[in-house]
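A.B. asks: Pasting a structure below so you can have a look.
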Amino acid sequence: MPILSENPRGIHPAYKEAVVDSLLNGLSARLAGRGEFYKVVYGTKPSAALMSEFIVPMPAEERAGDEEADPIRISAHGMDFQIRSSAVGTTLGVSLTGAVYVRILPTEDEVKLGGRLEATFPLTREARAEIRSKVKDALTRLITALPGGKTNPDWAVKS
0 MPILSENPRG IHPAYKEAVV DSLLNGLSAR LAGRGEFYKV VYGTKPSAAL
50 MSEFIVPMPA EERAGDEEAD PIRISAHGMD FQIRSSAVGT TLGVSLTGAV
100 YVRILPTEDE VKLGGRLEAT FPLTREARAE IRSKVKDALT RLITALPGGK
150 TNPDWAVKS
């Protein structure tokens, strides 16, 4: 059964704009960490999870030897807009939102074996193959070096 699409000329432009606006606003919110997205950035630096917006670094006088803080500082942001001349005396409402990034060092329980932040170092396929090959070669040499090979009493300790 063929799947037919609607003729785009028959779709009201406002509907198309609403869909595009929804997709772009959703994507922008995800990339910037707005709303419900990335209220907590866990297990990675914010710059690795968020693709836009700004995280202002700690001022130099407050860093106290923190090598992670970047001295580059964005001190102000602006916005340009036009207002119709007939709107004189009209009240303009503005709202502002912001967020604070707090770097928290993990506890010992979080980084130990079985902890939520246990360090993992996945090996590439090539590295795993090389390790297996070296282990196999070493075990083959051990079999020939031990009298009786795998039946030798020292096999369990040395292998």
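18 is the number that numbering that gives the first Met the number 0 gives to position 19 of the sequence shown; each next residue is one higher, with no gaps. Here a beta-carbon is modelled for each residue, glycine too, at the ideal position from N, C-alpha and C.
(1) Within 10 Å of its beta-carbon, does L49 have 16 or more other beta-carbons around it, so buried, or fewer, so exposed?
(2) Since L116 and G42 are thought to touch, with beta carbons under 8 Å apart, how far apart are those beta carbons, to the nearest angstrom?
(3) Identify the continuous alpha helix (DSSP H) that holds T165 and give its terminal residues.
(4) Evaluate G32 with the Cβ neighbour count: other Cβ atoms within 10 Å of its Cβ, from every protein chain shown; 16 or more gives buried, anything less gives exposed.
(5) Under the three-state reduction of DSSP, which class applies to N6: helix, strand or coil?
(6) If you draw a straight line from the C-alpha of A118 to the C-alpha of E109, how long is it?
(7) Could you check whether L145 and D136 sit closer than 8 Å to each other, using their CB atoms as the reference points?
(8) What are the start and end residues of the alpha helix (DSSP H) that includes E129?
C.D. replies: Inspection of the coordinates gives the following:
(1) Using a 10 angstroms sphere on the CB of L49, the tally of other CB atoms reaches 16 or more, which defines it as buried.
(2) Rounded to the nearest angstrom, the Cβ distance from L116 to G42 is 7 Å, consistent with a contact under 8 Å.
(3) The first residue shown for the chain is 0 and the last is 158, placing residue 165 beyond what the model contains.
(4) In summary, G32 is buried, with 16 or more beta-carbon neighbours lying within 10 Å of its beta-carbon over all protein chains present.
(5) Coil, per DSSP.
(6) Whole-angstrom Cα-Cα distance: 10 Å.
(7) No, Cβ-Cβ distance for D136 and L145 is not below 8 Å.
(8) Unbroken alpha helix (DSSP H) run through E129: 124–144.
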